[in-house]
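Comments concern the structure below.
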Amino acid sequence: DVAVEALHAQAKVLRQPSVASDIVLARHPPVHVKMLDGVLVPKLEGLREGQITEVAALSDTIASVHTVYQAGETHVVPLSTMTVRFNGEPNPRLLFALTSEFGLEEAGRPKFASGVVRYRLPAGADSFALAEKLAAKHYVKWAEPDLAIQLAFNAAPAPNDALFKSQWQMQAGAGGVQVPEAWEISQGGDNITLAIVDTGIDLTHPDLKANLVAGWDFVDDDDSPQPDEDTQTSPHGTACAGMAAAVTNNNIGIAGPAPKAKIMPIRVAGKMGFSTAPVLADAIRWPVDHGAKIISCSWGGPIPSNQIADAIDEATAAGVLVFVAAGNSGPGGDVGFPAQFESAIAVGATTSDHTLAGFSSYKPGKLVDICAPGAKVFTTDVVGELGYNRDPATGDENTSDPPNNYMPEIDGTSF
7 DVAVEALHAQ AKVLRQPSVA SDIVLARHPP VHVKMLDGVL VPKLEGLREG
57 QITEVAALSD TIASVHTVYQ AGETHVVPLS TMTVRFNGEP NPRLLFALTS
107 EFGLEEAGRP KFASGVVRYR LPAGADSFAL AEKLAAKHYV KWAEPDLAIQ
157 LAFNAAPAPN DALFKSQWQM QAGAGGVQVP EAWEISQGGD NITLAIVDTG
207 IDLTHPDLKA NLVAGWDFVD DDDSPQPDED TQTSPHGTAC AGMAAAVTNN
257 NIGIAGPAPK AKIMPIRVAG KMGFSTAPVL ADAIRWPVDH GAKIISCSWG
307 GPIPSNQIAD AIDEATAAGV LVFVAAGNSG PGGDVGFPAQ FESAIAVGAT
357 TSDHTLAGFS SYKPGKLVDI CAPGAKVFTT DVVGELGYNR DPATGDENTS
407 DPPNNYMPEI DGTSF
C-alpha cells in the first residue's frame, strides 16, 4: 500500500535520535499553522529532548522550538499537526467520534481538496503511532504527520535579445534543443499558463514581468509571491521562470523557449528554504483551480508524502502536466520525491555535449522520464546584486547585463 509505505518512510527518519543535531527557533508570531519560519541553530550541548521546548521561554520572540532531524543532507522538522484523508467527505458525527477518541483538535481544511482534515496533536503524542492507528480505520484513506522539509531547490530566426547568443541550451548546434525551429510551429500562447511552484519570482524583472499572471504566496498567505531579498534559495524561482518563458524579441536579456506563454508565480518556501506537505499540496492544487496547464516543481527531497502524491494525481487527472526535478545526487543517486511519483514527469539535466550531467540523479527503478539542458545554462536572476550573480558585469558575456539581472552559468535538474 503506497500510503502505508510513505508513512513508514517518514517514521524511519524521525525515529532515529542520532540524526537530531540541531533545533529551530520559530519566530513569534508564526506566519500560519502550515509554515515554519525561524532560525536554524546548533543544539546546545547537553540539552535533553525533554528540555528543548523550555528554550522557547528564553525570549518573547520565540514562538516554539522544534528538533531538527536529517534525511541525508535534508533537514526535517516534525510539526504539531497531522493531516488525514478520508474515503469520501466525512460526516460531523464521525469527525466528533474521531477527535474524542484520539484527543485531536481540528486545525483546518485545505480549500482545494475534499475529504481532507488537518488536526492539532495532543501534547506529547507519538505522531507516527497515532497516524498508524488512524490509517487503520476503514473510513480513512491515509494519515500522516505534517513535516517541515528544507527543500532541495535543484539549482543548474534568431531573436534580438542581447544575451541569446549565450543561451547554448536554446540552439541545437551548440548542444541544446531546437527552440528556433520549434518557434515556427508554436511559441506557446495566451491560453497556456505555466505555474512555477518555487521560491517566488521577481515580479519586477524586465524580462519576465510582461508574461506574469496572478499567483499566490503560500508563505505569507497573500497575492504577492515576491522572493525574499537575500537568501541562498530566493533567486531559484526567478531562474526557473526565465528558462521557461522569458519575454522574447524585446531587445534585452534572454529569450524564453515559450515566450508567449504566461507565468504563474507560486511561492512555497521562505528564508530558510523549509516548506511542508500541506503547503506544497495546496500549491499544486491552486494553479489547477486557476487555469494553469503546466506545473513546474523544481525541488524535492528524500521523503514521500501522500498529500503531495494525491495533489499531483488530481492535477494529472484534470489534464495538467506536472514536471518535477529528478534531483542533483548524480548517476546512481536516488531520484527524489515527488519526482518518483507515477503521475509526475521526472526531468534530468544534460550538458552541451548531449550527455547526462554529472550531478543529475539517475537510477534504474524509477526512470527519469525526460532530460533537457541544465548544465551551465544562462537564465534570469533576481534584479540587482542579491541573486545568484553578485559580481560586476565583465567581459563580452556580461556587458549587456550591468544590473546583474541574469545568471550566465547555473547548474541543476531544475533548469
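Adding 6 to a residue's 1-based position in the sequence shown gives its number in my numbering.
C-beta: ideal position from N, C-alpha, C; glycine also.
Computed from a predicted structure; not experimentally measured.
Ranges of the beta strand (DSSP E) found wholly within the region 83-142, counting only runs of at least 3:
111-114 and 122-126
Considering only the beta carbon of each residue, do residue 328 and residue 311 sit closer than 9 Å?
no
Just to confirm before moving on: does the CB-CB distance between residue 304 and residue 336 stay below 9 Å?
no
Check each candidate in 136, 309 and 324 and name the one with the smallest Cα separation from residue 333.
309
Between the alpha carbons of residue 290 and residue 187, how many angstroms are there, rounded?
32 Å
CA nearest to the CA of residue 229, picked from 273, 247, 242 and 265
273
Candidates 387, 92 and 351, of which the one nearest residue 321 by Cα
351
If I follow the unbroken alpha helix (DSSP H) through residue 389, where does it start and stop?
From DSSP, residue 389 is part of no alpha helix (DSSP H); its letter is neither H nor E.
Nearest neighbour of residue 110, chosen from 286, 159 and 130 [CA to CA]:
130
Any Cβ of chain C within less than 9 Å of the Cβ of residue 97?
Absent here is chain C; the protein component of the structure consists of one chain.
Check for me: the beta strand (DSSP E) holding residue 156 runs from which residue to which?
146-156
Neighbourhood of residue 121 by C-beta distance below 8 Å, restricted to the same chain and skipping five residues each side:
91, 92, 93, 94, 95, 96 and 147
Residue ranges of each alpha helix (DSSP H) within the region 265-349, 4 or longer:
283-295 and 312-323
Pull up the distance between the alpha-carbon of residue 331 and that of residue 195, whole angstroms please.
24 Å
Along the alpha helix (DSSP H) that carries residue 186, what are the first and last residues, could you check?
185-189
Go ahead and label residue 34 buried or exposed: buried means 16 or more other beta carbons lie within 10 angstroms of its beta carbon, across all protein chains shown.
Its pLDDT being 40, under 50, residue 34 is placed unreliably in this model, and the value from its coordinates should be taken loosely. Exposed, because fewer than 16 other Cβ atoms sit within 10 Å of the Cβ of residue 34.
Anticipated Cβ contact below 8 Å, residue 86 with residue 127, distance rounded:
5 Å
Is the beta carbon of residue 301 less than 9 Å from the beta carbon of residue 246?
no
What residues in its chain sit with their C-beta under 6 Å from that of residue 205, if we drop five residues either side in the sequence?
233, 239, 240, 242, 243 and 275
Using only the alpha-carbon positions, how far apart do residue 157 and residue 306 sit?
6 Å
With distances taken between CB atoms, is the gap from residue 153 to residue 84 smaller than 9 Å?
yes
Using C-beta distances below 6 Å, list every residue in its chain close to residue 16, excluding the 5 sequence neighbours before and after it, in chain order.
309
Based on DSSP bridge pairs, tell me the residues matched to residue 16.
Its beta-bridge partners do not exist; DSSP assigns none.
Which residues bound the alpha helix (DSSP H) around residue 244?
242-251
Residue from 207, 326 and 318 whose Cα sits closest to the Cα of residue 345
318
Taking the Cβ atom as the reference point for each residue, do residue 259 and residue 411 lie within a distance shorter than 9 Å?
yes
Going straight from the alpha carbon of residue 216 to that of residue 266, what length do you get?
10 Å
Closest to residue 338 by C-alpha separation, out of 368, 295 and 323, would be which residue?
368
By the 10 Å Cβ neighbour count, where 16 or more other Cβ atoms means buried, how is residue 418 classified, buried or exposed?
buried
Measuring alpha carbon to alpha carbon, tell me which of 271, 395 and 192 ends up nearest residue 293.
271
Rounded to the nearest angstrom, what separates residue 257 and residue 212 at their Cα positions?
11 Å
Taking all protein chains shown into account, decide if residue 99 is buried (16 or more other Cβ within 10 angstroms of its Cβ) or exposed.
exposed
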